[in-house]
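Q: Sharing a structure with you now.
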Amino acid sequence: MSHAIWLSVRFSLSFRDVEELLAQRGIVVTYETVRQWCLTFGQTSANELRRRRPRCGDTWHLDEVYLKINGKTHSLWRAGDQDGNVLDILVQSRRNKKAAKRFFAPRFSKGYNTFHA
């Protein structure tokens, strides 16, 4: 039962898809049973998945990489924390560091102590 709920919540699968995946494992349930399980226990399972998600560090920085899209050079900005986890990305057709900082600042100013450019 918990595996069916996990599949539905984690991968946003339909109840019929979960029914088929369980049938491949030899577990015969109807999609209606999976739906009832998800209604009853789905929110608790989703909260648990969210709680277990790795936490980001307390500092973040910007990295800039150039790439070509359809033969034109673009700037790819990545916001990352001190552990190397990519927090968000931004692609610009023209390089504008000030706009990139403005784009990322509201997303990461809460809960992050410092910014390193």
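With numbering that gives the first Met the number 0, you'll find the sequence shown wraps up at 116, consecutive numbering, no jumps.
A virtual CB, placed ideally from N, CA and C, is assigned to each residue, including glycine.
(1) Just to confirm before moving on: does the CB-CB distance between Trp5 and Leu48 stay below 9 Å?
(2) His73 and Val85 - do their beta-carbons sit closer together than 9 Å?
(3) Determine the burial state of Ala104: buried for a count of at least 16 other Cβ atoms within 10 Å of its Cβ, exposed for fewer.
(4) Leaving out the 5 sequence neighbours to the left and right, which residues in its chain are closer than 6 Å to Asp92 when beta-carbon positions are compared?
(5) With 16 other CB atoms within 10 Å as the buried threshold, where does Val27 fall?
A: Per the coordinate set shown:
(1) Cβ atoms of Trp5 and Leu48: closer than 9 Å.
(2) Going by C-beta atoms, Val85 is not nearer than 9 Å to His73.
(3) Counting Cβ neighbours within 10 Å, Ala104 comes out exposed, since fewer than 16 surround it.
(4) Checking the displayed sequence, the identity of residue 92 turns out to be Ser instead of Asp. When the five nearest sequence neighbours on each side are left out, the beta carbons in the same chain lying within less than 6 Å of the beta carbon of Ser92 are those of His73, in order along the chain.
(5) The residue is exposed, with fewer than 16 neighbouring Cβ atoms inside 10 Å.
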